[in-house]
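*Asks:*
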Amino acid sequence: MIDIQLVTQTGLMLLVVLLIGYLSEKIGFINKDFTQTLSRFTMCVAQPCLLFCSVAGAAYSESLIKQGGLVLLLAFGAHAVMVIMAKGAALVYPDREERKISEFSLLFVNCAFVGYPLLDAAFGEIGLFRGAFWVTAFNLIIWTWGIFLLSRGRTDIPFSLRRVILNYGTVPCLLGLLVYLLRIPIPSVVLDGMEAVGGLCTPVALLIIGANLARIPLRKLFGGWKIYYFSVMRLLVFPLIVALLCRFCGLSDTWCLFVCIMTALPTAANTVMFAEMYDIRPDAAAKTVGMTAVLSMLTISPITAFASYLLSHFPR
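Going by my numbering, the letters in the sequence shown line up with residues 106 to 421, in that order.
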């Protein structure tokens with residue numbers, strides 16, 4: 106079973122890093138130009154290293170290959186369920202653009218930068234291996250369904266098949282899988298160096314989120330019922346429903362809790378990037394990313410423990 110205490114400690118540690126980013130921005134140690142540069146570095150360099158090493162660095166076994174395939178199925182299945190739930194949950198927003206970005210924010214979560222340390226705490230190295238396959242599915246979905254969702258009612262948002270495959274999330278996962286399946290030897294010094302760079306992902310990403318939070322007035326961040334409704338749906342309701350559906354499909358506690366963690370994460374940080382790129386309520390996107398990032402550090406452990414309790418009452 107999962108060590109809930111370790112997951113709790115990890116969540117609180119992530120919250121501390123986020124607060125350091127918040128204070129650094131408030132004091133003036135970092136600014137928007139600096140965080141934008143860090144964002145590009147994290148997305149284009151650190152994340153590919155992390156994803157590649159998570160797959161290529163694993164010990165080869167047919168069992169792991171089967172697990173990777175199962176993770177892909179679970180990721181696509183979980184997102185399919187959340188597509189329906191997000192569409193229903195977003196109906197409370199009268200403004201079409203806000204409803205659209207809220208639906209997007211409910212569906213796509215920070216499965217790499219926040220998910221990876223939690224998976225490591227809960228499952229160890231096997232959690233990181235599974236996480237890489239989940240991120241692969243995530244990138245395929247966000248560049249297909251995500252773009253389709255944002256393009257509703259718009260003619261200026263093109264769909265690009267090239268972006269579905271050639272992005273900084275999918276490519277390193279596929280390359281890592283190729284190295285893994287073909288058992289191509291990679292010098293340990295190279296993998297260790299890439300792992301060191303990949304290890305920067307989580308702290309840097311949380312520093313950026315914290316800094317972005319510092320630029321939002323507290324009254325605006327915490328004001329209004331919509332953000333609390335959104336947070337409850339994203340961080341509590343969605344993961345519980347998906348975890349229970351996994352149980353009804355006959356999955357073990359370990360797999361159900363893996364899916365629970367991966368769906369109980371805060372809204373994906375690149376939601377703001379998409380919102381700004383296509384001018385779809387970037388203010389609402391920044392608010393949901395920031396608020397769920399803070400709250401998720403406090404909710405991830407209780408929701409995992411509660412899901413574990415519920416699963417014990419629904420045997421396979």
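Each residue gets a CB set at the ideal place from its N, CA and C atoms; glycine is no exception.
(1) Would the beta-carbon of Val399 fall within 9 Å of that of Thr376?
(2) Helix, strand or coil: how does DSSP classify Val399 here?
(3) If contact is defined by three or more beta carbon pairs under 8 Å, each pair taking one atom from either stretch, is the region 279 to 289 in contact with the region 150 to 161?
(4) From Val160 to Phe234, what distance separates their C-alpha atoms?
(5) Thinking Thr409 and Ile125 are a contact (beta carbons under 8 Å), I'd like their distance in whole angstroms, please.
(6) Per the DSSP calculation, Val214 is bridged to which residue(s)?
(7) By how many angstroms is the C-alpha of Asn215 removed from the C-alpha of Phe228?
(8) Mind checking if Ala390 is an interface residue toward chain B, Cβ cutoff 9 Å exclusive?
(9) If I measure Cβ to Cβ from Leu326 and keep anything under 8 Å in the same chain, skipping five residues before and after, which residues do I get?
(10) Using 8 Å for Cβ pairs, my map puts Gly116 next to Ile405. What's the rounded Cβ distance?
(11) Using only CA atoms, which one of Arg421, Met402, Arg386 lies nearest to Cys361?
(12) Cα-Cα, which of Tyr198, Tyr221, Pro222, Phe218 is closest to Leu211?
(13) Using the C-alpha atoms, what's the distance from Leu224 back to Val112?
(14) Check this for me: beta carbons of Cys158 and Leu296, under 9 Å apart or not?
(15) How long is the line joining the alpha carbons of Ile252 and Leu169, rounded to whole angstroms?
(16) With H, G and I counted as helix, E and B as strand and the rest as coil, what does DSSP make of Gly356?
(17) Considering Cα atoms alone, identify which of Ile132, Thr249, Gly258, Thr147 is closest to Val302.
(18) The ligand GDP and Gln172: does any heavy atom of the ligand fall closer than 8 Å to the residue's C-beta?
(19) Take Tyr273 and list the residues in its own chain whose beta-carbon comes closer than 7 Å to its own, dropping the five residues that flank it on each side.
(20) If you reduce the DSSP assignment to three classes, tell me which class Asp200 lands in.
(21) Quick one, which of Leu119, Thr140, Leu128, Ala163 has its alpha-carbon nearest Glu300's?
(22) Under the rule that 16 or more other beta-carbon atoms within 10 Å means buried, what is Phe353, buried or exposed?
(23) In chain order, which alpha helix (DSSP H) runs of at least 4 residues are fully inside the region 254 to 301?
(24) Assign Met187 to one of two classes, buried (16 or more other C-beta atoms within 10 Å of its C-beta) or exposed (fewer than that).
(25) Which residues bound the alpha helix (DSSP H) around Thr425?
(26) Less than 9 Å between the beta carbons of Glu61 and Ile321, yes or no?
(27) I think Tyr127 touches Gly315, with their Cβ atoms under 8 Å apart; what is that distance to the nearest whole Å?
(28) Identify whether Val240 lies in helix, strand or coil by the three-state DSSP scheme.
*Replies:* Taking the definition as stated:
(1) Going by C-beta atoms, Val399 is not nearer than 9 Å to Thr376.
(2) Helix at Val399.
(3) Flag = yes, the region 150 to 161 and the region 279 to 289 touch.
(4) Val160 and Phe234 have their alpha carbons spaced roughly 6 Å apart.
(5) Beta-carbon to beta-carbon, Thr409 and Ile125 are separated by about 25 Å, too far to satisfy the 8 Å threshold.
(6) Within the DSSP bridge table, the entry for Val214 names Thr372 as partners.
(7) So the two alpha carbons sit approximately 18 Å from each other.
(8) The chain labelled as chain B is not found in the depicted structure, where only one protein chain is given.
(9) The residues are Leu318, Ile332, Lys392, Gly395, Met396.
(10) The Cβ separation is near 5 Å, so the contact holds.
(11) It is Arg421 whose Cα lies nearest to the Cα of Cys361.
(12) With distances taken between Cα atoms, Leu211 lies closest to Tyr198.
(13) Between Val112 and Leu224, the C-alpha separation is close to 8 Å.
(14) Cβ atoms of Cys158 and Leu296: closer than 9 Å.
(15) Leu169 has its alpha-carbon roughly 31 Å from the corresponding atom of Ile252.
(16) In the sequence under discussion, the amino acid at residue 356 is Leu, which differs from the Gly named in the question. DSSP places Leu356 in coil when its eight states are reduced to three.
(17) For Val302, the closest C-alpha among the options Ile132, Thr249, Gly258, Thr147 is that of Thr147.
(18) Although the ligand GDP was asked about, the structure shown includes no ligands whatsoever.
(19) Closer than 7 Å at Cβ, skipping near neighbours: Met148, Cys149, Gln152, Pro153.
(20) In the three-state scheme derived from DSSP, where H, G and I count as helix and E and B as strand, Asp200 is classed as coil.
(21) Glu300 has its Cα closest to that of Ala163, out of Leu119, Thr140, Leu128, Ala163.
(22) Counting Cβ neighbours within 10 Å, Phe353 comes out exposed, since fewer than 16 surround it.
(23) Whole alpha helix (DSSP H) segments, 4+ residues: 266 to 270, 275 to 287.
(24) So Met187 ends up on the buried side.
(25) Nothing in the structure corresponds to residue 425, since the chain is present only between 106 and 421.
(26) The structure shown does not extend to residue 61, since the chain is modelled only from 106 to 421, so the question has no answer here.
(27) Their Cβ separation, rounded to whole angstroms, is 4 Å, which keeps Tyr127 and Gly315 in contact under 8 Å.
(28) Here Val240 sits in helix by DSSP.
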